[in-house]
Amino acid sequence: AIMCSGGEVNFNAIGVFFSLTTVVTRALKNTMQSRLMTTSFTSIELLYVLAPANLFFFLTGSFLFEGVFEPVRQLISTPHALVAVLISALIACTYNLLVDYIFD
Numbered sequence: 004a005i006m007c008s009g010g011e012v013n014f015n016a017i018g019v020f021f022s023l024t025t026v027v028t029r030a031l032k033n034t035m036q037s038r039l040m041t042t043s044f045t046s047i048e049l050l051y052v053l054a055p056a057n058l059f060f061f062l063t064g065s066f067l068f069e070g071v072f073e074p075v076r077q078l079i080s081t082p083h084a085l086v087a088v089l090i091s092a093l094i095a096c097t098y099n100l101l102v103d104y105i106f107d
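What follows is the structure, given as structure tokens:
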């Protein structure tokens, strides 16, 4: 797909760079997960092992593209957004615990 888009009018080298970076980091994540799955982890243990790596990657991207303090300031200044983020985190946590309870 990248070779075909080289002569396009809307070709953007930065976009290609980010696309390739996404593919490489996803491949690294999948490789790490497959190696971790060779041992007998439960789904909750796997989340426990992968959470610090995911936090590092997401915070790095957030700091690079949004700044360090701006997202926090905007989140605190908008109470509805803060409540939405907290509810989303609660739903994700509940989902993972229910999946662990049902399937293990």
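Numbering of the sequence shown is given in my numbering, commencing with residue 4 and proceeding in unit increments.
Note that the Cβ used here is the ideal one computed from N, Cα and C, for glycine as well.
- A straight line joining the alpha-carbon of ILE17 with that of PHE106 spans about 43 Å.
- Non-local beta-carbon contacts of SER65 in its own chain, meaning distances under 7 Å to residues more than five positions away in sequence, involve PRO74 in chain order.
- Here the alpha carbons of ILE90 and PHE59 stand approximately 22 Å from one another.
- Pairing PHE44 with VAL52 gives a Cβ-Cβ distance under 8 Å.
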